[in-house]
Amino acid sequence: MSFRWGVRNATSGMGVADHTKTTYMDLQRKKVYRYVIFKIDEKKKEVVVEKTGNPAENYEDFTASLPESDCRYAVYDFDFVTSDKCQKSKIFFIAWSPSVSRIRSKMLYATSKERFRRELEGIHYEIQATDPTEMDMDVIKERAN
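Just so we're aligned: 138 in the working numbering is position 138 of the sequence shown, and the numbers increase by one with no gaps anywhere.
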């Protein structure tokens, strides 16, 4: 009986801190950040902001900020110029789950992703990455065009 309860509880996902939502809205609407990296705080049972990148930072700064061996969620505001010479911006949601991370961490992030993702309105594209090549700049550019 307790096993069933644990499974049902695990699929419900984590809560989302108010600061997490306002930080995302600052990236989306005010362009205060280039990216935001989120982590799950298991003690608080919610998704919290781990790091923000200022607008001058680039994609390499963002990818260098992701841990090599632990899961994270992230949003990245990608600015680009179309073939028609129009300046555009697309927001990417990235579920970072490196193949070397702990199984418990992978499961926790996987079961919480959809609920968290629904809290972030205005996401244009989603990428699930297990190694850096699955989210390199070429992948971002290809998706944005």
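Just so you know, even glycine gets a beta-carbon here, dropped at the ideal spot from N, CA and C.
For residue i, which of the options has the nearest alpha-carbon?
{"i": "Pro55", "options": "Val47, Pro132, Arg34", "result": "Arg34"}
{"i": "Asp26", "options": "Val49, Arg104, Arg115, Gly15", "result": "Val49"}
{"i": "Phe92", "options": "Lys21, Gly122, Asp70, Thr111", "result": "Gly122"}
{"i": "Ile40", "options": "Arg115, Gln128, Tyr109", "result": "Tyr109"}
{"i": "Glu126", "options": "Ile94, Ser105, Arg104", "result": "Ile94"}
{"i": "Gly15", "options": "Thr133, Asp138, Glu119, Thr130", "result": "Glu119"}
{"i": "Asp100", "options": "Lys88, Phe116, Ser69, Arg115", "result": "Contrary to the premise, residue 100 reads as Val rather than Asp in this sequence. Cα-wise, what sits closest to Val100 is Ser69."}
{"i": "Glu114", "options": "Glu142, Lys43, Gln128", "result": "Gln128"}
{"i": "Glu42", "options": "Arg117, Ser105, Asn58", "result": "Ser105"}
{"i": "Thr130", "options": "Ser112, Glu142, Arg117, Ile103", "result": "Ile103"}
Does the beta-carbon of residue i have 16 or more other beta-carbons within 10 angstroms, so that it is buried, or is it exposed?
{"i": "Asp61", "result": "exposed"}
{"i": "Glu46", "result": "buried"}
{"i": "Ser97", "result": "buried"}
{"i": "Phe80", "result": "exposed"}
{"i": "Gln28", "result": "buried"}
{"i": "Ala64", "result": "exposed"}
{"i": "Leu66", "result": "buried"}
{"i": "Cys86", "result": "exposed"}
{"i": "Met135", "result": "buried"}
{"i": "Ile140", "result": "buried"}
{"i": "Arg72", "result": "buried"}
{"i": "Ser83", "result": "exposed"}
For residue i, decide whether its Cβ has a neighbour in chain B, counting only Cβ atoms nearer than 8 Å.
{"i": "Arg115", "result": "Absent from the structure is chain B; it holds one protein chain and no more."}
Taking only three categories from DSSP, how would you classify residue i?
{"i": "Tyr33", "result": "coil"}
{"i": "Val7", "result": "Bear in mind that the predicted position of Val7 carries a pLDDT of just 34, short of 50, making it unreliable; the figure below should be weighed with that in mind. Val7: helix per DSSP, three-state reduction."}
{"i": "Glu126", "result": "strand"}
Can you check whether the CB of residue j is closer than 8 Å to the CB of residue i?
{"i": "Thr52", "j": "Thr23", "result": "yes"}
{"i": "Ala17", "j": "Lys90", "result": "no"}
Whether or not the segment 66 to 79 and the segment 23 to 42 are in contact is what I'm after, with contact meaning three or more pairs of Cβ atoms, one per stretch, closer than 8 Å; do they touch? yes
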